[in-house]
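**Student:** Residue 120 in this note's numbering sits at position 116 of the sequence shown, with consecutive numbering throughout.
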Amino acid sequence: MIKLNTDFLRTVNGILKIAEFVLILILLMIIRFGGANHHALSLGSVNDSFLGQGTVVGYAIIVPAIVVTYLLGGNVSILEMVINLIGGVLFLVVGGLAIAHNGRIANGSLFAVGMLSVVTGLVFLADLGWLVKHTKFSFQTRT
């Protein structure tokens, strides 16, 4: 029988992962149903919408996978740090694009996506900073 490491959920890293996942789910619902007549919300141009939807859907898959890895006994990896860095940058960009487009059409859902995306990006960067500060790296050299 597999024993789950639920203690992870009470750590700073676990709380940040839960916060990331909750923010991503909220963004996913707003983008999916926040448009006119409950259709998908446009984040501006086709390219902006593609970037925003791709980022949110991609990280809606990635973050739970990382949480499951920790629950199964995994440890911090350099890949997770790269994912946090890229996620932070992508969500900040999506937030900036949404807020910029909101300035042209004044849509409450679009403003919410912009602000939540910025907050999500900052949470990813905070997670990265915490991991870098509290992770001890050791490298093996081969001769």
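The C-beta atom is built at its ideal place from N, Cα and C for all residues, glycine as well.
Identify whether F143 lies in helix, strand or coil by the three-state DSSP scheme.
**Tutor:** As a working mapping, residue 143 is identified with position 139 in the sequence shown. Three-state result, F143: coil.
**Student:** Tell me whether H105 is buried or exposed, calling it buried when 16 or more other Cβ atoms sit within 10 Å of its Cβ.
**Tutor:** What you label residue 105 is simply residue 101 of the sequence shown in a count that begins at 1. Looking at its Cβ environment, which holds 16 or more other Cβ atoms inside 10 Å, H105 is buried.
**Student:** With M119 as the anchor, note down where its alpha helix (DSSP H) starts and where it stops.
**Tutor:** Along the sequence shown, read from residue 1 onward, the residue named residue 119 stands at position 115. Taken as a continuous stretch (DSSP letters only), the alpha helix (DSSP H) holding M119 covers G112 to H138.
**Student:** Which two residues bound the contiguous alpha helix (DSSP H) that contains T29?
**Tutor:** By one-based count along the sequence shown, residue 29 stands at place 25. Note that residue 29 corresponds to Leu in the displayed sequence, not to Thr. Start and end: V16 to F37.
**Student:** Quick one: what does DSSP say L76 is sitting in, helix, strand or coil?
**Tutor:** For the purposes of this step, residue 76 is taken as residue 72 along the sequence shown, with counting starting at 1. Of the three classes helix, strand and coil, the one that applies to L76 here is coil, per DSSP.
**Student:** When the Cα atoms are used, what is the spatial distance from V98 to S53?
**Tutor:** Walking along the sequence shown from the start, residue 98 turns up at place 94. Walking along the sequence shown from the start, residue 53 turns up at place 49. Cα to Cα, V98 sits roughly 9 Å from S53.
**Student:** Taking the CB atoms as reference points, tell me whether L13 and L120 lie closer together than 8 Å.
**Tutor:** Indexing the sequence shown from 1 puts residue 13 at position 9. Indexing the sequence shown from 1 puts residue 120 at position 116. Result no, Cβ atoms of L13 and L120 do not sit closer than 8 Å.
**Student:** Counting only the same chain and skipping the five closest in sequence on each side, list residues whose C-beta sits under 6 Å from that of T124.
**Tutor:** The residue you call residue 124 lines up with position 120 of the sequence shown. Result list for T124: L27 and F95, in chain order.
**Student:** Is DSSP giving H42 helix, strand or coil here?
**Tutor:** Locating residue 42 in the sequence shown gives position 38, where the first residue counts as 1. It is helical.
**Student:** Under a Cβ-count criterion, where at least 16 other Cβ atoms within 10 Å of its own Cβ denotes burial, should V67 be classed as buried or exposed?
**Tutor:** For the purposes of this step, residue 67 is taken as residue 63 along the sequence shown, with counting starting at 1. Buried: at least 16 other Cβ atoms inside 10 Å.
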